[in-house]
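Numbering (the UniProt record's numbering), first residue to last: 1 to 359. Each residue gets a CB set at the ideal place from its N, CA and C atoms; glycine is no exception. Treat the numbers as computed from the prediction; the structure is a model and nothing was measured. Single-structure report; data block below.
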């Protein structure tokens, strides 16, 4: 009896050669046996000699055997050998670094068997490997770009300082620019090291119960000067005191990154909203801005290392902040989601288990 398994929404056949195929073989053999009996009766009634009565059935069954052999061979080649050859060829190309490989399945999605599922999994694996390779290439490219820019700034202004040109005020401006570029380079290297340690789990989180509301207030106050400079309207709706169990210093990085992005991507005169609420044993904090928003493609990659939706690099940043945020939230057994539309702003929502719900 043929067995079928359901994988997700797909029904997958457990056999490459279903029982119906063997039913066809059986039916053909019965039919051929009937024809054989008819031939014997016909030859006897016509009074053929014994040699012909021997040779005709032998020839007949030889043709039947040959036909069944060729049919079986073709069925095995179409069902088993050719798909495996295509899969082997695809594997060879992937081993050589070609991640554009696609191997077609033997059957349609409604008639999949386990070989089709293996091919589909192979195609998915190649697609993921291609994405990883692209990310690796982008990582190297972005690291080079992000390091080259501040180094070029430092080099150029240092050369200007070595000349006798410029007023004292201009020279102080050169020195400030060098200091800012050096700070940006230092932050970049520091974030790379932090992210590397988090990904390799070489940082042991210092988990404790602490007041999240107080931490949010302190982080918000750090950006007071930027709110005023861009004339942003700030809306804050947080409880007087809410405790969570997490690493205080790592969570401070999370809030600073989210608030920094909200300020950076909101146009002057816009609004930034911070809300906090507790529901079903979780503390939820959302940061909403009225900035430029993001496309669905940007949302899909927003937590990737060095990914920047603004490919022109016109805004300051290195694309590591949200990657750090995502890794920290994962370590805290929390969740972060983003809702955004181009031109309509973005909302980042962080959910953490409340302190009294954690073991």
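- Cβ atoms of residue 53 and residue 43 come within 8 Å of each other, at about 5 Å.
- Sequence-distant partners of residue 241 (beyond 5 residues in either direction) whose C-beta falls short of 8 Å from its own C-beta, in its chain, are 211, 213 and 214.
- If you check the CB distance, residue 298 and residue 349 do not come in under 8 Å.
- Going by DSSP, residue 163 is part of no beta strand (DSSP E) at all; its letter is neither H nor E.
- Collapsing the DSSP output to three states places residue 348 in a strand.
- In its own chain, leaving out the 5 sequence neighbours on each side, no residue places its CB closer than 6 Å to the CB of residue 104.
- DSSP places residue 239 outside both helix and strand once states are collapsed to three, so it counts as coil.
- In its chain, beyond the 5 residues on either side, 286, 288 and 339 have a beta carbon closer than 6 Å to the beta carbon of residue 347.
- For residue 160, the closest alpha carbon among the candidates 294, 171, 233 and 279 is that of 171.
- For the pair residue 326 and residue 352, the Cα-to-Cα distance works out to about 13 Å.
- Residue 243 is not a Cβ neighbour of residue 322, given a cutoff of 8 Å.
- Around the C-beta of residue 336, 16 or more other C-beta atoms lie within 10 Å, and the residue is accordingly described as buried.
- A check of alpha carbon separations from residue 265 across 179, 342 and 283 identifies 342 as the nearest.
- Comparing alpha-carbon positions, the option among 328, 149 and 20 lying closest to residue 206 turns out to be 328.
- Taken through DSSP and simplified to helix, strand or coil, residue 280 comes out as coil.
- DSSP, reduced to helix, strand and coil, places residue 272 within a strand of the structure shown.
- The residues 230 and 231, in chain order, have a CB closer than 6 Å to that of residue 268 in the same chain once the five nearest residues on each side in sequence are set aside.
- Counting of Cβ neighbours within 10 angstroms places residue 254 among the buried residues, the total reaching 16 or more.
- Burial state of residue 112 is buried, judged by a 10 Å Cβ sphere holding 16 or more other Cβ atoms.
- Residue 345 and residue 281 do not touch by the CB rule: their CB atoms are close to 29 Å apart, not below 8 Å.
- Within its own chain, the residues whose Cβ lies closer than 7 Å to the Cβ of residue 219, once the five positions on either side in sequence are excluded, are 252, 255, 256 and 259, listed in chain order.
- Secondary structure of residue 338 (DSSP, three-state): strand.
- Residue 105 carries a coil assignment under DSSP once its states are collapsed to helix, strand and coil.
- With fewer than 16 other Cβ atoms inside 10 Å of its own Cβ, residue 62 counts as exposed.
- The residue among 249, 294, 237 and 225 with its C-alpha nearest the C-alpha of residue 284 is 237.
- Straight-line spacing of the CA atoms in residue 74 and residue 87 works out to 19 Å.
- Shown here, residue 217 sits in a helix according to DSSP, grouped into three states.
- In this structure residue 235 touches residue 271 by the C-beta definition: roughly 6 Å separates them, less than 8 Å.
- Our two residues, residue 57 and residue 79, have alpha carbons roughly 32 Å apart in a direct line.
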